[in-house]
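Colleague:
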Amino acid sequence: MTGFSITVCAIIDARSGGYCEACGARSAVERHHRRPRQQGGSKRPDTNLASNGLALCRHCHHVNVENNRAFAYLMGWLLSQNMSPDRERVMYRGEWMLLGDDGSVEPWQVAA
55 MTGFSITVCA IIDARSGGYC EACGARSAVE RHHRRPRQQG GSKRPDTNLA SNGLALCRHC
115 HHVNVENNRA FAYLMGWLLS QNMSPDRERV MYRGEWMLLG DDGSVEPWQV AA
């Protein structure tokens, strides 16, 4: 597997509504893997599911994620390889959310 399928891209694009899923202010023009694929891709099926993808504007992708990786990990825009994207919170347009593989966006709640 090397990237998001056409179906998953459509789910991510529909979820975003065309706007950056990090800032919500600019047009989303790039898709980003929260848990990176690594060199040569990944054999883990959840790497290319919608919960692992974000539609981002160029600014957020390059300035907030690629050039500020420590911040991106804190925001859930990047995940380590041992994490499951559908179980990890992400700062989504100013709120902590969980992303579903079906395109859902649900409020994140601290476990009791």
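Per my numbering, the very first residue in the sequence shown carries number 55; after that it's consecutive.
All C-beta atoms, glycine included, are put in the ideal place defined by N, C-alpha and C.
Please say whether A104 and E75 have beta carbons closer to each other than 7 Å?
Modeller: For E75 and A104, no; Cβs fall outside 7 Å.
Colleague: According to DSSP, what are the bridge partners of Y146?
Modeller: In DSSP, Y146 forms a bridge with E149.
Colleague: Could you pull the start and end residues of the beta strand (DSSP E) that L110 belongs to?
Modeller: Counting along the chain, the beta strand (DSSP E) containing L110 begins and ends at 107-110.
Colleague: How big is the Cα-Cα spacing for Y127 and R69?
Modeller: For Y127 and R69, the distance between alpha carbons rounds to 21 Å.
Colleague: Consult DSSP for P90 and reduce its assignment to one of helix, strand or coil.
Modeller: If DSSP states are grouped into helix, strand and coil, P90 belongs with coil.
Colleague: Buried or exposed: R88, going by 16 or more other Cβ atoms within 10 Å of its Cβ?
Modeller: By the 10 Å Cβ count, R88 comes out buried.
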